[in-house]
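Student: Below is a structure I'd like to ask you about.
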Amino acid sequence: MGWFSTTPFLNVPVSTQITYRKSSWWKLNQQRLTPWIFLFPGLLLFLVYVIWPIFNSLYISLLQWDGLSPAIYVGLSNYIELLDDEYFYISLMNNLKWLILFMLAVPIGLGLAIFLNQTIFGIRLIKSLFFFPFVISQVVIGIIFSWFYNPRGVIGPFLDKLGLSNYAILADENFATYGIIFAGIYPQIAYCMILYLTGLNNLNTDQIEAGRMDGAKGFSLFKNIILPQLKPATFLAIVVTVIGSLRSFDMVAIMTQGGPYGSTNVLAYYMFETALSEYGYRMGYGSAIAAVLFTIMMFYILFFIYRMYQSEKKGL
Amino acid sequence: MFPIPIQKRPLINRISYKILVPVSLFIWLIPLIGIMLTSIRGLGDITAGNYWGIPSEFLLFSNIKDVFQNTPMLSYIINSFKITIPTVLGAVAISCMTGFALASYKFKANLFIFFTFIAGNFVPFQILMIPVRDLTFQMGLYDTVTGLVLFHVAFQTGFCTLFMRNFIKALPNELFEAARIDGTSEINIFLKIVVPLTRPAIAALSVLIFTFIWNDFFWATVLIQGQHAMPITAGLKSLNGQWVTVYHLLSAGSIIAAVPPVIMFFLMQKHFIAGLTLGASKG
Numbered sequence: 016m017g018w019f020s021t022t023p024f025l026n027v028p029v030s031t032q033i034t035y036r037k038s039s040w041w042k043l044n045q046q047r048l049t050p051w052i053f054l055f056p057g058l059l060l061f062l063v064y065v066i067w068p069i070f071n072s073l074y075i076s077l078l079q080w081d082g083l084s085p086a087i088y089v090g091l092s093n094y095i096e097l098l099d100d101e102y103f104y105i106s107l108m109n110n111l112k113w114l115i116l117f118m119l120a121v122p123i124g125l126g127l128a129i130f131l132n133q134t135i136f137g138i139r140l141i142k143s144l145f146f147f148p149f150v151i152s153q154v155v156i157g158i159i160f161s162w163f164y165n166p167r168g169v170i171g172p173f174l175d176k177l178g179l180s181n182y183a184i185l186a187d188e189n190f191a192t193y194g195i196i197f198a199g200i201y202p203q204i205a206y207c208m209i210l211y212l213t214g215l216n217n218l219n220t221d222q223i224e225a226g227r228m229d230g231a232k233g234f235s236l237f238k239n240i241i242l243p244q245l246k247p248a249t250f251l252a253i254v255v256t257v258i259g260s261l262r263s264f265d266m267v268a269i270m271t272q273g274g275p276y277g278s279t280n281v282l283a284y285y286m287f288e289t290a291l292s293e294y295g296y297r298m299g300y301g302s303a304i305a306a307v308l309f310t311i312m313m314f315y316i317l318f319f320i321y322r323m324y325q326s327e328k329k330g331l
Numbered sequence: 023m024f025p026i027p028i029q030k031r032p033l034i035n036r037i038s039y040k041i042l043v044p045v046s047l048f049i050w051l052i053p054l055i056g057i058m059l060t061s062i063r064g065l066g067d068i069t070a071g072n073y074w075g076i077p078s079e080f081l082l083f084s085n086i087k088d089v090f091q092n093t094p095m096l097s098y099i100i101n102s103f104k105i106t107i108p109t110v111l112g113a114v115a116i117s118c119m120t121g122f123a124l125a126s127y128k129f130k131a132n133l134f135i136f137f138t139f140i141a142g143n144f145v146p147f148q149i150l151m152i153p154v155r156d157l158t159f160q161m162g163l164y165d166t167v168t169g170l171v172l173f174h175v176a177f178q179t180g181f182c183t184l185f186m187r188n189f190i191k192a193l194p195n196e197l198f199e200a201a202r203i204d205g206t207s208e209i210n211i212f213l214k215i216v217v218p219l220t221r222p223a224i225a226a227l228s229v230l231i232f233t234f235i236w237n238d239f240f241w242a243t244v245l246i247q248g249q250h251a252m253p254i255t256a257g258l259k260s261l262n263g264q265w266v267t268v269y270h271l272l273s274a275g276s277i278i279a280a281v282p283p284v285i286m287f288f289l290m291q292k293h294f295i296a297g298l299t300l301g302a303s304k305g
């Protein structure tokens, strides 16, 4: 709005002129500029630490680089190497196992929530105790379960009874991954349960009563009236479970470090191992693995964003 | 109410429900009960294979003392606090601002920026790992608490912004409009109206971020190397390597690591759950 035109102020002393002009400029543009001032610190940090690194990683995946000596541009050769990498396929398959089995956390969480959605004495404390495993670090959960699985650990006496003395699931390359997934799903069930408990708490009672009047009972009531109302909870439970399953780093690092013979590797852990551990510092190759993981995750992210965009449009 | 309240069921159902709930809770918590029992035991029980029986000695406190005396556990815990508390303060403060900006101003890039924050929040850590580690190196902050905190604040800003923005968006807009007509500056609208009203959201976010950061293991592994800055999760992992056979000490250490988030959860349960289940009951 012509804040640059100086002529009207020529008869005012320079110092006041400047402050007056400044404040009037500010007054005029305050509405437009304030959001950017408020966004600045957060946006800057996020761009530097999250957005830029994504693109940088994609670029590094085209390099051969040990992190120290000059990098060599090698085009897509890291990706081509991936196609022949047995461990990459093992990791990918394990990610798939994680994803599929992790999905069990959603119905189990729902079942638990329905089971606990009552008002009896002490139920609040009971619900919180059920939620407990989610509050505790995955490192601790991993340690607990390693100790559990140890044939000379707490599970030992039971294994003896089953005739499986000295069976160590984490040392069995065919089953070790399932052992880790079992440990990983434990806190995830707690998370899904709490999402559904909140959903159940906010059900529309009128609809349920109407349904009951119409003779809907048991499973048909659940399927036709309850489940549709729990849709937001289900959506959120699926999103966090998918993301949780693809982020399966901590458990693998604690329980097996990818072993035995790489059989429990997942992309998240294999990438770390390739770039930062004994395998040598292969930054480019590691980034290529990360890029694959990122692409898989991106499907879910875009799906989530699309959903949010739809609800935003409704809201506006 | 779904399912039908147990009180309206026949007596037999009510009784069996009251038995079933504690039994299932016990089964559910077996892993945690196991580790608690183990942390009480002495080496004698461990080597004798007495894992589920009554502990022959009650050594919880001496085990904890052992952990503190023979390992850098105390410094790990202090580091965890040094990492967690500044991250909570930083991320919450920053996201109050970004949340406010995105909730109450209309401008072209608004939704785009909002969705960028959300998308970034879900990205796998591995795609950030090498550049972030490099950047931290170049800033001279590798292997320091500051370097780790900076990253955590930046990354958590994504989730916190989503949270704050939705919370502020749900506040009645007339409040801001009325204040604007009264000539209140935008800064004062933020400080005097938005911040006080968002207190419940700030509380919920603080407990959530506290727990997330306290339990972080990946970034502690990537950005920290030495004991002097290592938080408890990474510390436990290194003890896990050294202590293959002394599970009673490892159990005691695990319990120590779990105590702060558990206390936080019980003190702020309502907020914690409200934060986690944001969006589970609507839209």
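Heads up: the protein sequence lines correspond to chains A and B, in order.
Quick note, the first sequence lines up with residues 16 to 331 if you use this note's numbering.
Quick note, the second sequence lines up with residues 23 to 305 if you use this note's numbering.
For each residue, glycine too, the CB sits at the ideal point set by N, CA and C.
1) Would you list the one or two residues that DSSP bridges to Q247 (chain B)?
2) Determine the chain B residues that contact L261 (chain A) at a beta-carbon separation under 7 Å, and present them in chain order.
3) Might you give, ordered along the chain, the residues of its own chain that have their beta carbon closer than 8 Å to the beta carbon of R262 (chain A), omitting 5 neighbours on each side?
4) What do you reckon, are the CB atoms on R63 (chain B) and L81 (chain B) nearer than 9 Å?
5) Is there a Cβ of chain A sitting closer than 9 Å to that of G305 (chain B), yes or no?
6) So what's Q178 (chain B) in DSSP terms, helix, strand or just coil?
7) Alpha carbon to alpha carbon, how far is S102 (chain B) from K329 (chain A)?
8) So, helix, strand or coil for L78 (chain A), using DSSP?
9) If we cut at 9 Å on Cβ distances, does I196 (chain A) have a partner in chain B?
10) Is there contact between the segment 251 to 260 of chain B and the segment 56 to 75 of chain B, where contact requires at least three CB pairs shorter than 8 Å?
11) Could you check which residue in A:P172, A:Q222 and A:L78 has the C-alpha nearest to that of W74 (chain B)?
12) Under 8 Å, with one C-beta from each stretch per pair, do the segment 246 to 256 of chain B and the segment 124 to 139 of chain B reach the 3-pair mark?
13) Comparing the C-beta of W67 (chain A) with each C-beta of chain B, is any distance below 9 Å?
14) Assuming L170 (chain B) contacts A242 (chain B) under a Cβ cut-off of 8 Å, what Cβ separation, rounded to an integer in Å, is found between them?
15) For V254 (chain A) versus Y206 (chain A), is the C-beta spacing smaller than 9 Å?
16) Could you please tell me which residues of the segment 273 to 296 of chain A, in chain order, have their CB closer than 8 Å to any CB of chain B?
17) Does K259 (chain B) come out as helix, strand or coil in the three-state DSSP assignment?
18) Compute the minimum distance between the beta carbon of N188 (chain B) and the heavy atoms of the ligand ATP, and state whether it is under 8 Å.
19) Should E196 (chain B) be flagged as near chain A, meaning a C-beta pair shorter than 9 Å?
20) Per DSSP, which residues does I87 (chain A) bridge with? Please list them.
21) Would you say D265 (chain A) faces chain B, with C-beta separation under 9 Å as the test?
22) Please tell me whether M119 (chain B) and F212 (chain B) are closer than 9 Å, where the distance is taken between their beta carbons.
23) Check the Cβ-Cβ distances between T109 (chain B) and every residue of chain A, and say whether any is below 9 Å.
24) Taking its Cβ as the centre, do 16 or more other Cβ atoms sit within 10 Å of R187 (chain B), making it buried, or is it exposed?
25) Which bits of chain A does Q249 (chain B) rub up against, with CB to CB less than 7 Å?
26) Just by C-beta distance, which residues in the segment 224 to 256 of chain A are closer than 7 Å to chain B?
27) Whole angstroms are fine: how far does the CA of V281 (chain A) sit from the CA of W185 (chain A)?
28) Count the other CB atoms, across all protein chains shown, that sit within 10 Å of the CB of P194 (chain B); report buried if there are 16 or more and exposed otherwise.
29) Could you give the DSSP three-state label for S38 (chain B): helix, strand or coil?
30) Contact criterion: CB-CB distance below 9 Å. Does F240 (chain B) meet it with respect to chain A?
31) Could you tell me which whole alpha helix (DSSP H) segments of length 4 or greater appear in the segment 136 to 173 of chain A?
32) Where are the alpha helix (DSSP H) runs, 4 residues long or more, that stay fully inside the segment 224 to 266 of chain A, in chain order?
33) Measure the alpha-carbon distance for L78 (chain A) versus Y88 (chain A) and round it to whole angstroms.
34) Verify the CB distance criterion: does I184 (chain A) have a CB-CB separation below 9 Å to chain B?
35) In chain order, what residues of the same chain lie with their CB nearer than 7 Å to the CB of M154 (chain A), ignoring the 5 residues before and after it?
36) Would you say I68 (chain B) and V268 (chain B) are within 9 Å of each other, going by their C-beta atoms?
Tutor: Taking the structure as given:
1) None, per the DSSP bridge assignment.
2) P146
3) A283
4) yes
5) The predicted position of G305 (chain B) is uncertain, since its pLDDT is 40 and thus under 50; a value taken from the coordinates is nonetheless stated next. At least one CB of chain A lies nearer than 9 Å to the CB of G305 (chain B).
6) helix
7) Near 43 Å, if we compare the C-alpha coordinates of K329 (chain A) and S102 (chain B).
8) strand
9) no
10) no
11) A:P172
12) no
13) The beta carbon of W67 (chain A) sits closer than 9 Å to some beta carbon of chain B.
14) 7 Å
15) no
16) Look at the segment 273 to 296 of chain A: the residues with a C-beta under 8 Å from a C-beta of chain B are L282, A283, M286, F287, A290 and L291.
17) helix
18) Looking at this structure, you won't find the ligand ATP or any other ligand, since it has none at all.
19) no
20) For I87 (chain A), the pairing in a beta bridge is given by DSSP as A:Q79.
21) yes
22) yes
23) no
24) buried
25) Within 7 Å Cβ-Cβ: nothing; Q249 (chain B) doesn't reach chain A, min ~16 Å.
26) I241, P247, A248 and L251
27) Sequence check: residue 185 (chain A) is Leu here, not Trp. About 15 Å.
28) exposed
29) helix
30) yes
31) 138 to 150 and 153 to 164
32) 233 to 236 and 246 to 261
33) 5 Å
34) no
35) According to the sequence provided, residue 154 (chain A) is Val. The question's Met does not apply to it. The residues are D265 and I269.
36) yes
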